[in-house]
Amino acid sequence: MYMGMSPFDAPGTYSLLQYTELAEGIWYPVGGFHAVVAAMVRICERLGVDIRLSTPVSRVIMSPDGKTATGVLTEAGDTLTADVVIINADLVYAYNNLLAPTPYSRSLQTRQGSCSSISFYWSLSRKVPELSTHNIFLADEYRESFDAIFDRQSIPREPSFYVNVPSRVDPSAAPEGKDSIVVLVPVGHLLNSSSSTTFTSPSKGLPKEELNWPALIASTRASILSVIQSRTHCDSLAPLITHEMVNDPITWEDTFNLDKGSILGLSHSFFNVLAFRPSTRARGLKGCYFVGASTHPGTGVPIVLAGAKVTTEQVLRDLGMEIPWTGMGGVEGKGKEKGEMDRVRRNGGLISDFGIWVLAIVVLVVSVLYVNSGLLVTWDWDRKRGWGSGSLEGAGLGMR
Ligand SMILES: Cc1cc2nc3c(=O)[nH]c(=O)nc-3n(C[C@H](O)[C@H](O)[C@H](O)COP(=O)(O)OP(=O)(O)OC[C@H]3O[C@@H](n4cnc5c(N)ncnc54)[C@H](O)[C@@H]3O)c2cc1C
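Taking our numbering, the leading residue of the sequence shown gets 63, the next gets one more, and so forth.
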């Protein structure tokens with residue numbers, strides 16, 4: 063669900079995520095995700111980087127032939143020239159608003175987007191011990207609620223939602239004796255990209271204008287408050303809320319420029335990952351690169367940070383510059399070259415590479431002899447006894 067996809071549709075590989083979380087645990091930056099930003103700011107300041115806050119970019123400036131990025135133009139009208147432009151804004155929005163529109167940029171808007179959310183951020187006047195750090199409330203009809211969100215891009219009748227209480231593990235997240243709470247209610251994304259006037263959208267999504275958003279948010283709030291109370295048997299949270307912030311599909315799009323309010327960028331369905339995911343190099347534009355959720359490798363803070371490293375190495379390589387962390391575990395392999403991360407390490411393993419090859423050849427020879435011996439491997443569908451139930455049936459390998 064936190065990939066922005068239905069667990070019934072997500073590629074099975076992602077179930078490994080649950081394994082890693084259970085086996086290895088989860089990292090939490092004390093101070094919240096903003097602590098990661100603050101750490102990066104400290105590094106930038108040490109290196110003399112000029113950071114301009116609240117300075118929206120209106121477009122990327124190109125060379126006269128339109129083939130190379132040469133800087134950016136801010137909404138305030140300032141031109142900033144640059145050897146390299148790295149875009150962190152949502153990739154679909156950026157292709158359609160910051161770069162010259164092309165058939166490719168328009169095609170990105172037809173790609174499957176991740177879900178959106180109605181998110182509540184509450185300061186509570188006291189602790190609510192009935193809530194743990196992570197709390198997932200699944201609708202009784204959870205399959206239907208997933209289909210409503212992820213298939214039909216609508217708002218489920220009965221929501222499934224996630225409640226995080228950071229103050230349970232991080233004392234800096236709330237004053238002593240109080241709790242801070244984040245509620246994430248996944249909902250469909252918007253029907254149309256307001257960032258593009260040239261495109262009519264796919265058929266699924268929430269109609270921005272037709273819906274009564276204040277009423278919708280109020281009913282969602284009432285519904286989750288009631289579910290939390292009835293399932294955890296805590297007192298009503300409503301009178302405890304001393305401060306509240308809300309984000310919804312419209313604010314995700316208007317404030318953060320997330321195309322159609324898709325909170326996790328492009329979906330991670332099969333045709334949106336790996337070779338199909340938009341490249342970190344801007345298409346047809348030298349000196350322009352992407353980082354963030356909708357490019358490689360994908361969404362989520364750790365993944366986006368890992369992706370930023372990939373893009374950085376790409377930029378340095380394109381400029382013919384040295385990658386400072388070469389030999390320190392960086393991903394440097396290109397084509398058939400092997401980087402440190404590509405190598406499988408077997409410290410003191412039971413079998414050497416040579417041993418594995420010998421074993422493989424022995425298995426192959428035995429298999430060929432077995433097949434030629436006339437022994438058949440059969441499958442007993444009814445009793446599902448499986449391979450090797452041992453009937454002899456003419457020559458060759460067969461299945462029944
Ligand atoms: C409610 C919610 C809960 C989440 N929970 C988790 C979680 O628990 N764990 C996790 O790992 N991930 C979580 N994520 C996902 C994670 O936040 C994103 O995947 C990640 O932040 C994406 O990083 P990004 O750099 O692509 O985009 P962003 O973090 O959105 O950064 C893009 C920046 O570009 C700026 N920008 C946009 N347009 C312009 C412009 N024209 N000019 C200048 N600046 C511009 C935006 O203001 C923004 O600051 C969550 C996301 C949401 C919405």
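Beta carbons are placed, not taken as given, at the ideal position from N, Cα and C, and that holds for glycine.
How should residue i be labelled, buried or exposed, when 16 other C-beta atoms within 10 angstroms of its C-beta is the threshold for buried?
i, result
"H196", "exposed"
"R283", "buried"
"A101", "exposed"
"S356", "buried"
"S68", "buried"
"L160", "buried"
"N434", "exposed"
"A156", "buried"
"S77", "exposed"
"G274", "In the sequence as displayed, the identity of residue 274 is Asn instead of Gly. By the neighbour-count rule (16 or more Cβ atoms within 10 Å), N274 is not buried but exposed."
"V227", "buried"
"R339", "buried"
"G395", "Legend: pLDDT at G395 = 47, less than 50; position of this residue unreliable, value from coordinates given subsequently. Per the 10 Å Cβ criterion, exposed."
"T373", "buried"
"L421", "exposed"
"M124", "buried"
"V122", "buried"
"I325", "buried"
"C177", "buried"
"R462", "Low confidence applies here, because R462 scores a pLDDT of 29, under 50, leaving its location unreliable; read the following figure in that light. So R462 ends up on the exposed side."
"V249", "buried"
"W80", "In the sequence on display, residue 80 carries Gln and not Trp. When all chains shown are included, Q80 counts as exposed."
"G354", "buried"
"S169", "exposed"
"I217", "buried"
"P311", "buried"
Output needed for residue i: all residues of its chain with C-beta closer than 6 Å, excluding positions within five of it in sequence on either side, in chain order.
i, result
"S331", "Q174"
"L320", "D152 and W314"
"V146", "G349 and V377"
"D380", "none"
"P118", "E137"
"S181", "L246 and N309"
"A344", "C350"
"S229", "A235, A236, D241 and S242"
"G93", "S234"
"S167", "Y157 and N158"
"T32", "Here the chain covers residues 63 to 462 and nothing more, so residue 32 does not appear."
Just to confirm my understanding: we take residue i, look at its own chain, exclude 5 residues before and 5 after, and list those with CB closer than 8 Å. What are they?
i, result
"V103", "I113"
"D202", "E220"
"L287", "S298, L299 and A300"
"K129", "G346, L347 and K348"
"C106", "I113"
"G30", "Past the boundaries of the shown model lies residue 30; the chain is included only from 63 to 462, so the question cannot be answered."
For ligand 1, is there any heavy atom lying closer than 6 Å to the beta carbon of residue i?
i, result
"T373", "no"
"T207", "One detail in the question is off: residue 207 reads as Ser in this sequence, not Thr. Because no heavy atom of ligand 1 lies under 6 Å away, the Cβ of S207 does not count as near it: no."
"V335", "no"
"P91", "no"
"T82", "no"
"T195", "no"
"N254", "no"
"P276", "no"
"V247", "no"
"F212", "no"
For residue i, which residues of its own chain have a beta-carbon under 7 Å away from its beta-carbon, when the five flanking residues on both sides are left out?
i, result
"I198", "Y224"
"A97", "P91"
"I365", "P359"
"S329", "G66, M67, Q174, G175 and S176"
"L200", "S222"
_Whole runs of the alpha helix (DSSP H) within the segment 174-211, excluding any shorter than 4 residues_ = Runs found: 204-208.
Three or more beta-carbon pairs under 8 Å between the segment 210-223 and the segment 160-173, yes or no?
The segment 210-223 is not in contact with the segment 160-173.
Spell out a yes or no on whether the segment 291-306 and the segment 123-136 are touching, meaning 3 or more CB-CB pairs, one atom from each, closer than 8 Å.
A contact between stretches requires three or more CB pairs, one per stretch, nearer than 8 Å, and the segment 291-306 fails this requirement with the segment 123-136.
Q. Which parts of the segment 291-358 are runs of the alpha helix (DSSP H), unbroken and 4 residues or longer, counting only runs that do not cross its ends?
A. Correct list: 311-318.
Continuous beta strand (DSSP E) assignments of at least 3 residues falling wholly in the segment 76-162
Here the runs fully enclosed are 119-124, 131-136, 141-143 and 147-149.
Check whether the segment 232-247 and the segment 177-194 are in contact - that is, three or more C-beta pairs closer than 8 Å. Cβ pair count under 8 Å is three or more, so yes.
What residue ranges within the segment 208-244 form continuous beta strand (DSSP E) runs of no fewer than 3 residues, ordered along the chain?
-> Taking only runs of at least 3 residues, the beta strand (DSSP E) segments lying wholly in the segment 208-244 are 223-226.
Any chance you could list the residues with Cβ under 6 Å from a heavy atom of ligand 2, keeping chain order? With respect to ligand 2, the structure shown offers nothing to examine, as its ligands consist of ligand 1.
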